[in-house]
Structure formats: structure tokens, C-alpha cells
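Trainee:
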Amino acid sequence: MFDLKIVSGSDEIFNQGKHLAFFGRSNVGKSSTINALLNNKAAAKTSKTPGKTVTFNFFDITPKESEADSGLRYLVDLPGYGYARHGEKFREKLRRRLIWYLNESEADIEFFCLVLDAKAGLTDIDRSALDLAEQAGLPVLVLVNKVDKLNQKDLSTLQKELKRELLPYPVVYRVMYYSAKTKKGVNEIKQLLQLG
Ligand code: GDP
-3 MFDLKIVSGS DEIFNQGKHL AFFGRSNVGK SSTINALLNN KAAAKTSKTP
47 GKTVTFNFFD ITPKESEADS GLRYLVDLPG YGYARHGEKF REKLRRRLIW
97 YLNESEADIE FFCLVLDAKA GLTDIDRSAL DLAEQAGLPV LVLVNKVDKL
147 NQKDLSTLQK ELKRELLPYP VVYRVMYYSA KTKKGVNEIK QLLQLG
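Mapping the sequence shown onto the numbering used here, position 9 (from 1) lands on 5, and the numbers just tick up by one.
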């Protein structure tokens, strides 16, 4: 549960500057999204938590000296749920670490970014993630990826559906639709997250 604490230099990770935390079921395109958002930032992956199974990746997103200081320091790639090979025990371990990171580490989390797959919509794993963010009092940015797979009609159906499904979660600050593949909508997210 305290693996994160023993990464050398990790205190700095938790005590200085703001975090953007990214969560998503496996295969929703979380890695592709992070790459698309950071492509101009020459982001250095600063540390990996030890342990073979549960990994938090921290990307240094400190603005360059020439840029306005947004206060952001780390983009945090949270471990993904949903691999078939992961059993109940693993999921519980993951959940405990997420709860620790969201509530007990001293991380100043600006947004909890929940990445969804436009084809799959909101799943039970996503609802649990929304509950965790709500319990931690964090604003959630819902990032709906892979819109290139939908035609206009299906996209508008999904938008209506998500509007209704997300109604019980007042922690949701915005819902953004984009494609990490075609980059449609990616700039709007960069602007919102001050990753320009
Ligand atoms: P992760 O497991 O959530 O990190 O997902 P990845 O970034 O590895 O992507 C999973 C799969 O989805 C890969 O085959 C990607 O090429 C594909 N993918 C990611 N983003 C998009 C997108 O916007 N559109 C489409 N069509 N495929 C995507």
C-alpha cells in the first residue's frame, strides 16, 4: 500500500505542485491519450513505482521557463483496471492504492481525468472510479476517446446517454469528446488542462 512512498525522491512528487491524474479501463486508449496530450512537452517519465503489477507512472509536466507557470508538475498515469487476467485480489489491491493516492498522499490533484471508450460508454468500473473521485472530493474531467469510431448519429445518442448517466455525479466538471487517433478534439483538452 505504501510502495509510492519508497520511490526515491517521491516526497517531492507528492508535496510540490499539482497533479493531473488519469484513470481508464485497459484498452480505452489512456496511453494514446497521454501521448497525444504530451506530444510537444518532451515529457520525461520521472519515476515508476516498484512492484510488478501495480504501477503508477509520473510524467514531469513542469512548464518550461518560457511558459506561464500553471502550477502543474505531474501527469499521473494511474494503473488500469479491467485486464481479464486480474483477479479479485489484484483489483482490491489496486483499489486500496488508488484510495491511498487520492485521499492520503499529499498530492494536490487538479483533475481526476476519467478516460472512456466511446464504443463502450460508461461501465461499472468507471462508476466505481467516479465514486472514488467523489469520496476524495476531486473534480472529474470525463474524456470520451475514440469518437472516430462513431458516426454523427451514434455520437449524439452517446452524448445524450452520458448526460443522463452522469447526472448522479456532481463531481463531473466537463465531458470532452475526442480521438487520440485522429487528434480531433485533443487541442481543446490541452487548453482546458493548460498543457498547451
Ligand atoms: P490503454 O490500455 O488504455 O493505455 O490503451 P492504448 O492507448 O494502448 O490503446 C488501446 C487500443 O486502442 C490501441 O489499439 C490503440 O491504437 C487504440 N486507440 C487508442 N485511441 C484510439 C482512438 O482515438 N481511436 C481508435 N480508433 N483507436 C484508438
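For every residue, glycine included, the Cβ atom is placed at its ideal position computed from N, Cα and C.
Which value, in whole angstroms, describes the spacing of the CA atoms of L0 and S62?
Mentor: Residue placement at L0 is flagged as unreliable, the pLDDT there being 45, under the threshold of 50; a coordinate-derived value is accordingly withheld.
Trainee: Compute the Euclidean distance between the alpha carbons of D7 and Q155, then round it to the nearest angstrom.
Mentor: The straight-line gap from Cα to Cα measures roughly 40 angstroms.
Trainee: Using three-state DSSP, classify Y174 as helix, strand or coil.
Mentor: Y174 falls in the coil class under three-state DSSP.
Trainee: Where does Y169 sit, in a helix, a strand or coil, going by DSSP?
Mentor: Y169: strand per DSSP, three-state reduction.
Trainee: Can you find a heavy atom of the ligand GDP that lies under 7 angstroms from the Cβ of N183?
Mentor: It does not: the Cβ of N183 is nowhere closer than 7 angstroms to a heavy atom of the ligand GDP.
Trainee: Can you give the Cα-Cα distance for I30 and E157, rounded to whole angstroms?
Mentor: In a straight line, the C-alpha of I30 is about 26 angstroms away from that of E157.
Trainee: So if DSSP puts K14 in a beta bridge, which residue, or which two residues, is it bridged to?
Mentor: Beta-bridge pairing links K14 to L68, D104.
Trainee: Relative to the ligand GDP, is the shortest distance from any of its heavy atoms to the C-beta of G76 smaller than 7 angstroms?
Mentor: Yes - the ligand GDP has a heavy atom lying nearer than 7 angstroms to the Cβ of G76.
Trainee: From the DSSP secondary-structure annotation, give me the bridge partner or partners of L112.
Mentor: In DSSP, L112 forms a bridge with V140.
Trainee: Locate the beta strand (DSSP E) running through F55, then write down its first and last residues.
Mentor: Here the beta strand (DSSP E) through F55 covers 53 to 56.
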